[in-house]
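The listed protein sequences correspond, in order, to chains A and B. Each residue of the first sequence is one higher than the last, beginning at 5 in the numbering used here. Each residue of the second sequence is one higher than the last, beginning at 5 in the numbering used here. Beta carbons are placed, not taken as given, at the ideal position from N, Cα and C, and that holds for glycine.
2 protein chains.
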Amino acid sequence: MPNTPALPSPEKHIAESTVRRLSLYLRVLDQAAARGLQTISSVVLAEEGGTTSAQVRKDLSFFGSFGKRGRGYDVAELVTALQDILGLGREWKVYIVGAGKIGSALVSYRGFSQRGFRVVGIYDNNPQMVGRMLDGVGIRSMAQLEHDAARELPDIAVLTVPAEHAQAVADRVVAAGIRAIMNFAPAPLHVPPSVTVKSVNMALELEGLAYALVRRDAGEPPR
Amino acid sequence: MPNTPALPSPEKHIAESTVRRLSLYLRVLDQAAARGLQTISSVVLAEEGGTTSAQVRKDLSFFGSFGKRGRGYDVAELVTALQDILGLGREWKVYIVGAGKIGSALVSYRGFSQRGFRVVGIYDNNPQMVGRMLDGVGIRSMAQLEHDAARELPDIAVLTVPAEHAQAVADRVVAAGIRAIMNFAPAPLHVPPSVTVKSVNMALELEGLAYALVRRDAGEPPR
DNA sequence: CATGGCTTGTGAAGAATTTCACAAGAACGC
DNA sequence: GCGTTCTTGTGAAATTCTTCACAAGCCATG
Ligand SMILES: NC(=O)c1ccc[n+]([C@@H]2O[C@H](COP(=O)([O-])OP(=O)(O)OC[C@H]3O[C@@H](n4cnc5c(N)ncnc54)[C@H](O)[C@@H]3O)[C@@H](O)[C@H]2O)c1
Ligand SMILES: NC(=O)c1ccc[n+]([C@@H]2O[C@H](COP(=O)([O-])OP(=O)(O)OC[C@H]3O[C@@H](n4cnc5c(N)ncnc54)[C@H](O)[C@@H]3O)[C@@H](O)[C@H]2O)c1
Numbered sequence: 005m006p007n008t009p010a011l012p013s014p015e016k017h018i019a020e021s022t023v024r025r026l027s028l029y030l031r032v033l034d035q036a037a038a039r040g041l042q043t044i045s046s047v048v049l050a051e052e053g054g055t056t057s058a059q060v061r062k063d064l065s066f067f068g069s070f071g072k073r074g075r076g077y078d079v080a081e082l083v084t085a086l087q088d089i090l091g092l093g094r095e096w097k098v099y100i101v102g103a104g105k106i107g108s109a110l111v112s113y114r115g116f117s118q119r120g121f122r123v124v125g126i127y128d129n130n131p132q133m134v135g136r137m138l139d140g141v142g143i144r145s146m147a148q149l150e151h152d153a154a155r156e157l158p159d160i161a162v163l164t165v166p167a168e169h170a171q172a173v174a175d176r177v178v179a180a181g182i183r184a185i186m187n188f189a190p191a192p193l194h195v196p197p198s199v200t201v202k203s204v205n206m207a208l209e210l211e212g213l214a215y216a217l218v219r220r221d222a223g224e225p226p227r
Numbered sequence: 005m006p007n008t009p010a011l012p013s014p015e016k017h018i019a020e021s022t023v024r025r026l027s028l029y030l031r032v033l034d035q036a037a038a039r040g041l042q043t044i045s046s047v048v049l050a051e052e053g054g055t056t057s058a059q060v061r062k063d064l065s066f067f068g069s070f071g072k073r074g075r076g077y078d079v080a081e082l083v084t085a086l087q088d089i090l091g092l093g094r095e096w097k098v099y100i101v102g103a104g105k106i107g108s109a110l111v112s113y114r115g116f117s118q119r120g121f122r123v124v125g126i127y128d129n130n131p132q133m134v135g136r137m138l139d140g141v142g143i144r145s146m147a148q149l150e151h152d153a154a155r156e157l158p159d160i161a162v163l164t165v166p167a168e169h170a171q172a173v174a175d176r177v178v179a180a181g182i183r184a185i186m187n188f189a190p191a192p193l194h195v196p197p198s199v200t201v202k203s204v205n206m207a208l209e210l211e212g213l214a215y216a217l218v219r220r221d222a223g224e225p226p227r
């Protein structure tokens, strides 16, 4: 019997960096599957994912034992295992709040729907926008948010409102029972510990590049 | 004489996490300045930035000594110091490659221009798009890229093309002499070590949220 | 000008993460 | 069946990052 999918239930805390890399491995595996690869070794997985083979094996070892010595990992099996671990076996309902430039771009992003993230509602406080459709999803009034959430039980809220309103919107979203927030506004959010927040701060990434450029020119040791 | 801005020249390697936090502090300081604060302590800076006061002081200590014991940090002074450290004292020329949904949203993003990142060129390989204007910047043909770059010497390329073309575009951009890339495509890029890449992978962040949600329900120790 | 209350800067300790290195298992050829 | 080659899984070591804890400095007040 071929290696039944291990139930992903480590009792230890898993580092966020490990979880990020698991997502990355999943992406590499998708490509490998598309190229018709049956099997992949930790060395190849590492090369394509930009890390080391020891890191790959260690990351996976937290959740079980998925490979075969001398062979490597079965691509299809590992995809299933990683999806299980990451909670991608189901559909996640997403609200987007803020139907502006970035919010509209995200609605139709296939990278989300491919992984089971389904946008079920878009909210905006501008009456001009309410009622319009974005990629098949209607823009709703902010007034409805709590009411809709009680019925639809969305899992994740994506915040794409101006930074100065981000905290207020986060408060409402939390009060409405949503326990995961992805924040695109460049403002640190303060939420109860039962709520998970991930921030995507693009200006911050650019600043990291600027830093790298000035350091490089100044002759920073490249480590 | 009031604390002349220390030249930011640590000989040691500085962790990426430290640099990210410096950007964050800068954001908190902007808000503090807007509220009229003259001075701010590491405790307040930490609370608003979502870290600890010891972390704030340690981060800053890598670059010099910016505070006054018993008083805290002068907001305006620290802003200047951080901008210096991060290389935000100058204008950075940015090319955006891929004038699709996310590329167009980024062109007009004020968070970039506010920090001195100026979009000087947008490129697309779709002839239909070439010549159109996006927020005052014309979309140019990919054929021109190398030629324009030799003249304009852009510092940073933002890649917003489909994942399957990201590597090819990265290769061209590197060959054109650009040494910093911000990659929005969900594909790991392989570039020479002289080039710095930062990837913003939004699906990956969502997957991190999904993981947090399944773990939380499964009763992961909250660390 | 002495005292008390605050706050920084920083070595040292502690914790977390990554890398090393190797025993053990699997496949293949002969 | 046996040796060779490959590759995993994992303790242990090494490295990196964060937190602790406190001496030293600054300011206000009396
Ligand atoms: N445009 C970009 O490329 C970009 C990039 C990174 C981050 N961001 C951040 O994303 C956020 C949105 O940016 P954008 O460019 O899409 O702005 P935008 O102005 O195009 O869109 C913001 C939308 O939010 C709505 N809104 C405002 N206040 C609201 C509230 N209280 N409740 C509900 N809706 C509200 C507005 O009506 C508008 O439709 C900002 O915080 C911005 O800093 C934008
Ligand atoms: N839309 C989103 O919300 C979103 C979010 C995160 C990441 N992304 C990623 O960003 C990238 C772009 O996404 P999008 O939604 O803007 O797609 P899009 O299709 O709207 O835009 C892509 C643009 O790139 C151009 N292009 C294609 N190949 C090119 C090439 N070889 N050289 C130059 N230009 C080329 C196309 O003409 C098009 O204008 C994708 O990799 C996507 O995965 C998108």
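*asked:* Give me the DSSP bridge partner(s) of R122 of chain A.
replied: A:K97
_Reduced DSSP secondary structure (H/G/I, E/B, other) of I89 of chain B_ = helix
*Can you give the Cα-Cα distance for L193 of chain A and H151 of chain B, rounded to whole angstroms?*
44 Å
_Taking 7 Å as the cut-off, is the C-beta of P131 of chain A nearer than that to any heavy atom in ligand 1?_
no
*What residues from the stretch 117-139 of chain B come within 9 Å of chain A, judged by C-beta to C-beta, listed N to C?*
Q118, R119, G120, F121
*DSSP state of R31 of chain A, grouped into three classes?*
helix
*Can you tell me whether DSSP reads S108 of chain B as helix, strand or coil?*
helix
_Which residue wins for smallest C-alpha separation from D139 of chain A, given the options A:V111, A:P158, A:L163?_
A:V111
*Measure the Cβ-Cβ separation of L149 of chain B and I185 of chain B and say whether it is below 8 Å.*
no
_At the level of alpha carbons, what is the spacing between L41 of chain B and T55 of chain B?_
20 Å
*With 16 other Cβ atoms within 10 Å as the buried cut-off, status of S46 of chain A*: buried
*CA-CA distance, T8 of chain B and G120 of chain B?*
In this prediction, T8 of chain B scores a pLDDT of 42, lower than 50, which makes its location untrustworthy; the coordinate-derived value is nonetheless stated afterwards. About 23 Å.
_8 Å Cβ cut-off: residues of chain B touching P190 of chain A_ = R31, G115
_Which complete beta strand (DSSP E) runs does the stretch 151-213 of chain A hold, if anything under 3 residues is left out?_
160-163, 184-187, 200-203
*Among all the DSSP beta bridges, which residues are the ones paired with V60 of chain B?*
DSSP lists no partner for V60 of chain B.
*If we cut at 8 Å on Cβ distances, does K202 of chain A have a partner in chain B?*
yes
_Beta-carbon proximity list for V178 of chain A, same chain, < 6 Å, skipping 5 on both sides_ = V195, V199
*Put L249 of chain B into one of helix, strand or coil per three-state DSSP.*
The requested residue 249 of chain B does not occur in the structure, where chain B is confined to residues 5 to 227.
*Please confirm if the stretch 75-95 of chain B is in contact with the stretch 18-35 of chain B, defined as three or more CB-CB distances below 8 Å between the two stretches.*
yes
*Please decide whether Y77 of chain B counts as near chain A, where near means a Cβ-Cβ distance under 8 Å.*
no
*Just to check, is the beta-carbon of I185 of chain B closer than 7 Å to a non-hydrogen atom of ligand 2?*
no
_Distance between Q118 of chain B and A147 of chain A (C-alpha atoms, nearest Å)_ = 32 Å
_Quick check: L210 of chain B and F116 of chain A, are their CB atoms within less than 8 Å of each other?_
yes
*Tell me Y127 of chain B's beta-bridge partners as DSSP assigns them.*
B:V101, B:R144
*Using only the heavy atoms of ligand 2, determine whether one of them is closer than 7 Å to the beta carbon of M146 of chain B.*
yes
*Based on the DSSP output, what are the partners of D78 of chain A in its beta bridges?*
A:T43
*How about L110 of chain A: is its Cβ closer than 7 Å to a heavy atom in ligand 2?*
yes
*If you measure from the CB of I182 of chain A, is any heavy atom of ligand 4 nearer than 7 Å?*
Within the structure as shown, ligand 4 is missing, the only ligands being ligand 1 and ligand 2.
*Can you say whether L64 of chain A is buried or exposed, counting buried as having 16 or more other CB atoms within 10 angstroms of its CB?*
buried
_For A153 of chain B, the nearest candidate out of B:V124, B:A172, B:H169 (CA to CA)_ = B:V124
*asked:* Any beta carbon of chain A sitting closer than 8 Å to that of Y215 of chain B?
replied: yes
*Report the neighbours of E209 of chain A on chain B: residues whose CB is nearer than 8 Å to its CB, in chain order.*
M186, K202, V204
_Are there any heavy atoms of ligand 1 lying less than 7 Å away from the beta-carbon of T164 of chain B, as far as the coordinates show?_
no
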